[in-house]
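Enquirer: Got a structure for you, questions after.
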Amino acid sequence: MIALDIFGISNNGLLAITAALTGIGLVALALWLAGLISPKSFNAQKGEAYECGIPTRGESMAQFKVGYYLFAILFLMFDVEAVFLFPWAVRVREMGVGGLVSIAVFFGVLVLGLIYAWRKGALEWK
Amino acid sequence: MYDLSVITDAIHSFLAGFMPSWLTVTVECVLIGVGLLLAYALLALFYIYYERKFCAAIQCRLGPNRVGPWGLLQSFADMFKILIKELISLNNTDKFLFALAPYLVILASMLAFAVLPWGNGLQIIDFNIGIFFLLAVSSIGVLGILLAGWSSNNKFTLIGAMRSGAQMVSYELSISLSVITMVCLAGTMSVGGIVNEQADCWFIFKGHIPAIIAFIIYMIAGTAETNRGPFDLPEAESELTAGYHTEYSGIHFGFFYLAEYLNLFIVAGVASLLFFGGWMPFHVPGWDTFNHIMDYIPSVVWFLGKAIVLSGIIIWFKWTFPRLRIDQVLAMEWKYLMPIGLFNLALMTCCVVFGWHL
Numbered sequence: 063m064i065a066l067d068i069f070g071i072s073n074n075g076l077l078a079i080t081a082a083l084t085g086i087g088l089v090a091l092a093l094w095l096a097g098l099i100s101p102k103s104f105n106a107q108k109g110e111a112y113e114c115g116i117p118t119r120g121e122s123m124a125q126f127k128v129g130y131y132l133f134a135i136l137f138l139m140f141d142v143e144a145v146f147l148f149p150w151a152v153r154v155r156e157m158g159v160g161g162l163v164s165i166a167v168f169f170g171v172l173v174l175g176l177i178y179a180w181r182k183g184a185l186e187w188k
Numbered sequence: 008m009y010d011l012s013v014i015t016d017a018i019h020s021f022l023a024g025f026m027p028s029w030l031t032v033t034v035e036c037v038l039i040g041v042g043l044l045l046a047y048a049l050l051a052l053f054y055i056y057y058e059r060k061f062c063a064a065i066q067c068r069l070g071p072n073r074v075g076p077w078g079l080l081q082s083f084a085d086m087f088k089i090l091i092k093e094l095i096s097l098n099n100t101d102k103f104l105f106a107l108a109p110y111l112v113i114l115a116s117m118l119a120f121a122v123l124p125w126g127n128g129l130q131i132i133d134f135n136i137g138i139f140f141l142l143a144v145s146s147i148g149v150l151g152i153l154l155a156g157w158s159s160n161n162k163f164t165l166i167g168a169m170r171s172g173a174q175m176v177s178y179e180l181s182i183s184l185s186v187i188t189m190v191c192l193a194g195t196m197s198v199g200g201i202v203n204e205q206a207d208c209w210f211i212f213k214g215h216i217p218a219i220i221a222f223i224i225y226m227i228a229g230t231a232e233t234n235r236g237p238f239d240l241p242e243a244e245s246e247l248t249a250g251y252h253t254e255y256s257g258i259h260f261g262f263f264y265l266a267e268y269l270n271l272f273i274v275a276g277v278a279s280l281l282f283f284g285g286w287m288p289f290h291v292p293g294w295d296t297f298n299h300i301m302d303y304i305p306s307v308v309w310f311l312g313k314a315i316v317l318s319g320i321i322i323w324f325k326w327t328f329p330r331l332r333i334d335q336v337l338a339m340e341w342k343y344l345m346p347i348g349l350f351n352l353a354l355m356t357c358c359v360v361f362g363w364h365l
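Respectively, the protein sequence lines represent chains A and B. Heads up: the first sequence begins at 63 in the working numbering, then just goes up one per residue. Heads up: the second sequence begins at 8 in the working numbering, then just goes up one per residue.
Structure, rendered in structure tokens:
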């Protein structure tokens, strides 16, 4: 009951590249097909941004609300910590109580970070 | 239990009979690619039909019923119609990024799609860090959505993309926390290994309380990760026309639509992998006759069945709950799901270390 390599190919990198090329191929193929059978008509109005009928005012690629970036920074912090947790999670059963204690310290710092961000008001939407 | 590697081994030995080894590998890779493409397209078409019928049933309607028997050919007709629509080229877009975004979105979902455990001996990519690879590649999709919104040079798309970025990035944390919780129980990150660990009993029963909490968190975060209702505010049609893909037309829009449905399938597939044993049949420890009967159902049917039932739950969410606001969405993640997820991880490690599980 062992998951066997498909076709006996044990090089997973090759299979990942195959899947990636399939994805790219799907988009390229569908675009090519659509280019063959779809109509093409030019109209100056078609190129306008789809907003409200009158021409767009101001720059659309503008500076944006800072609240989103705060969450992006918080995400970066916690995601990196999650990456560190993965290898530990695989070995937790063998390490036993020692592993539990050592990760508790790391975990404590993580939770302190969350509490700090919470108290500072970084999680409030303003 | 049927072992589908018999079929792939037969094809392999047939090809290796008259070809040099490098050509064999190439032909097999092409076969895998074609298989992936077909599965991807057919599943997307099936899901469009499935969701439309499901929501029609919830809203006491009939849903598509004119094209083909029971409207079965409706999504084929839709796909053909979307192909013959014009691809409008806009004036002020960033042309390169605008064209790149659909590639990234499809690439992310295709790579994640190939990692799923399709059946006994039918698993395509089986890295020893498989589940981590899956999380990594599925986050490329956020990049595609952000690029789509930014490059369109439209205020609606920019707001949609920013909301989507903040939301997907936040909920990814909950997803990875519940995945870590289950990796603790499995003791391996390989997708095939996780499935084999559940041979006697599925993890949702084996890990009891922490596994059930992790499952609930995973389903909520997974719904948000696919940008589906009640978390569909990146494409809230009443405020943002169509959100980040407003400016995409024809098949260009079709790619985002396709990837959304495939992401739904991938989220449900990963849930079935982590909690319901992937392709593993339902086994109860000690009930040998029952287990033996369950083994007669093919593994592909088990996997697809679980994934379709679980995605039914996500579709049910969409057609039941009203849409949230952005502050509610972020508060839900950071103030509720994240702390609960961290606590649940601690609970699970205690369960694993002290052996408080089945």
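Just so you know, even glycine gets a beta-carbon here, dropped at the ideal spot from N, CA and C.
For G366/B, which residues from the same chain have a beta carbon less than 7 Å from its beta carbon, with the 5 sequence-adjacent residues on both sides left out?
Expert: Limits of chain B in this structure are 8 at one end and 365 at the other, which puts residue 366/B out of reach.
Enquirer: Between which residues of its own chain and A84/B is the CB-CB distance below 7 Å, once the five residues before and five after are set aside?
Expert: Within the same chain, A84/B has close Cβ partners V74.
Enquirer: Return helix, strand or coil for V307/B, following the three-state DSSP convention.
Expert: Helix.
Enquirer: Does the structure place the region 170-188 of chain A close enough to the region 8-18 of chain B that three or more beta carbon pairs sit under 8 Å?
Expert: Short answer: they don't touch.
Enquirer: Check the Cβ-Cβ distances between S100/A and every residue of chain B, and say whether any is below 9 Å.
Expert: Judged by the 9 Å Cβ criterion, S100/A is in contact with chain B.
Enquirer: Would you mind working out which of L352/B, H364/B, N203/B sits nearest W150/A, comparing C-alpha positions?
Expert: Comparing Cα positions, the closest option is L352/B.
Enquirer: Taking the alpha helix (DSSP H) that A353/B falls in, what are its first and last residues?
Expert: Run containing A353/B: 345-361, per the alpha helix (DSSP H) assignment.
Enquirer: Does the beta-carbon distance from W309/B to M287/B come in below 9 Å?
Expert: Yes, these two residues count as a Cβ contact at 9 Å.
Enquirer: Quick one: using the 10 Å Cβ neighbour count with 16 as the cut-off for buried, is P71/B buried or exposed?
Expert: Result: buried.
Enquirer: Give the secondary structure of A184/A by DSSP, where H, G and I count as helix, E and B as strand, and everything else as coil.
Expert: Coil.
Enquirer: Within 10 angstroms of the Cβ of E121/A, are there 16 or more other Cβ atoms? Answer buried if so, exposed if not.
Expert: With fewer than 16 other Cβ atoms within 10 Å, it is exposed.
Enquirer: Leaving out five residues on either side along the sequence, give the residues of the same chain with a beta carbon under 6 Å from the beta carbon of I64/A.
Expert: With a pLDDT of only 46 at I64/A, under 50, the local geometry of the prediction cannot be trusted, and the value read off the model is given with reservation. None.
Enquirer: Is any beta-carbon of chain B found at less than 9 Å from that of I165/A?
Expert: For I165/A, the answer is yes, since a Cβ of chain B falls inside 9 Å of its Cβ.
Enquirer: What is the DSSP secondary structure of A65/A, counted as helix, strand or coil?
Expert: Because A65/A sits at a pLDDT of 46, beneath the cut-off of 50, its placement in the model cannot be relied upon, and the following sentence gives the value as read from the coordinates. Reduced to three states, the DSSP call for A65/A is coil.
Enquirer: Mark V112/B as exposed unless 16 or more other C-beta atoms lie within 10 angstroms of its C-beta, in which case mark it buried.
Expert: Under this definition V112/B is a buried residue.
Enquirer: List the endpoints of the continuous alpha helix (DSSP H) containing L79/B.
Expert: Looking at the DSSP string, L79/B is not in any alpha helix (DSSP H), and its letter there is neither H nor E.
Enquirer: Got a sec? Which residues, its chain only, sit under 8 Å from P117/A by beta carbon, not counting five neighbours each side?
Expert: Same-chain partners within the cutoff: E110.
Enquirer: Does G97/A come within less than 9 Å of chain B when only Cβ atoms are used?
Expert: So yes, G97/A belongs to the interface.
Enquirer: Does DSSP put S20/B in a helix, a strand or coil?
Expert: DSSP places S20/B in helix when its eight states are reduced to three.
Enquirer: Drop a sphere of 10 angstroms on the beta-carbon of G183/A, count the other beta-carbons inside from all chains shown, and report buried for 16 or more, exposed for fewer.
Expert: That one is exposed.
Enquirer: Have a look at W180/A, L172/A, G170/A, V159/A and flag the residue whose alpha-carbon is nearest the alpha-carbon of C357/B.
Expert: If we check each option's Cα against that of C357/B, V159/A comes out closest.
Enquirer: Counting contacts by CB-CB distance shorter than 9 Å, is R155/A in contact with chain B?
Expert: Yes, R155/A counts as interfacial toward chain B.
Enquirer: Please name the residue, chosen from L79/B, L184/B, M86/B, that lies closest to G229/B on a Cα-to-Cα basis.
Expert: Here the closest residue by C-alpha is L184/B.
Enquirer: Got a sec: is the Cβ-Cβ distance from G276/B to anything in chain A below 9 Å?
Expert: Not closer than 9 Å to any Cβ of chain A, the Cβ of G276/B fails to qualify, so no.
Enquirer: Just checking my contact of P237/B with R170/B at CB under 8 Å: how many whole Å lie between their CB atoms?
Expert: The pair is not a contact, with the Cβ atoms about 14 Å apart (cut-off 8 Å).
Enquirer: Find the nearest neighbour of I131/B within the set T253/B, A231/B, V41/B, judged by alpha-carbon distance.
Expert: I131/B has its Cα closest to that of V41/B, out of T253/B, A231/B, V41/B.
Enquirer: Taking only the alpha-carbon atoms, compute the straight-line gap between W363/B and P217/B and give it to the nearest angstrom.
Expert: Roughly 11 Å separates the two Cα atoms.
Enquirer: How do the region 172-180 of chain B and the region 136-156 of chain A stand: do at least 3 beta-carbon pairs fall below 8 Å, yes or no?
Expert: Yes: at least three Cβ pairs fall under 8 Å.
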